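The structure appears below as structure tokens.
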Amino acid sequence: MRPVVWGLVLASTCGLMAPARADIYRYRDRGGVLHLTNAPTVSAARPVLTEGAVSVRVLPVPPPLGSGLMHPGFVPLAERTAYDALIHEVAERYHVEYALVKAVIKAESDFDHRAVSRKGALGLMQLMPVTAAQHQVRNVFLPRDNIEGGCRHLRMLLDRYGGNLPLSIAAYNAGIQRVEDAGGVPAIAETREYLARVLRYRLAYLREGVAGVLEVRR
């Protein structure tokens with residue numbers, strides 16, 4: 484993965500919020516380094532987003548498996564969020580499982596619709612600019628637009644891999660090329676940890692759905 488240089492002023496790299504201008508531009512220098520900046524100084528810079536003023540949060544790197552911070556077999560409690568109804572609506576329209584979409588959002592941004600990763604992924608479902616453009620996402624920080632794009636991408640991956648969840652989730656994280664080069668889930672620690680995390684969250688949200696049905700029937 485090539486390095487990324489940020490031109491934004493952030494409060495810290497530990498997940499704290501900081502005000503920043505939302506006009507963000509990207510360009511690669513002659514050395515192949517990707518730059519993201521809100522004050523472009525070269526003509527090659529192209530806008531990634533424009534939204535007036537937003538709060539940008541740099542997402543922390545998730546703890547690795549075996550670190551003791553998150554046991555591989557641990558299933559978290561299923562939290563309710565303000566986006567549940569929207570996730571249900573969009574996921575149903577694209578015939579993607581609600582629990583899977585919510586699990587991806589949890590793993591990607593922890594439900595922060597203004598999240599920006601170190602690699603330049605944006606919004607709830609952490610869409611890279613190329614992926615957002617591929618799925619015609621107009622505003623990556625608008626929850627509906629972002630979830631629409633993420634669900635379209637998941638639907639595409641599920642169709643490509645015949646509904647195989649591990650391959651689809653791995654491709655969402657590492658990209659189609661790496662999955663196909665590996666002939667399966669690539670041996671990348673970050674991708675394997677991400678896959679395990681999404682599957683844990685998915686199980687929690689599936690249980691949440693079952694609990695909700697039982698509660699209604701009572």
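With this note's numbering as the guide, the letters of the sequence shown map in order to residues 484 to 701. A virtual CB, placed ideally from N, CA and C, is assigned to each residue, including glycine. Predicted model, so just to flag it, every value in this text is computed and none were measured.
Residue i versus the options, residue with shortest Cα-Cα distance
i	options	result
residue 591	656, 671 and 572	656
residue 625	635, 640, 614 and 608	608
residue 601	670, 611 and 658	611
C-beta atoms of residue i and residue j nearer than 7 angstroms
i	j	result
residue 685	residue 582	yes
residue 628	residue 638	no
residue 634	residue 681	no
residue 630	residue 573	yes
residue 586	residue 677	no
Terminal residues of the alpha helix (DSSP H) in which residue i lies
i	result
residue 592	581–592
residue 571	567–576
Any C-beta of chain D under 7 angstroms from that of residue i
i	result
residue 646	Among the chains in the structure shown there is no chain D, since it carries only a single protein chain.
query: Can you give, in chain order, each stretch of the alpha helix (DSSP H) that sits fully within the region 603–671 and has at least 4 residues?
result: Along the region 603–671, the alpha helix (DSSP H) occurs as fully enclosed runs of 4 or more residues at 612–617, 626–643, 648–657 and 659–665, listed in sequence order.
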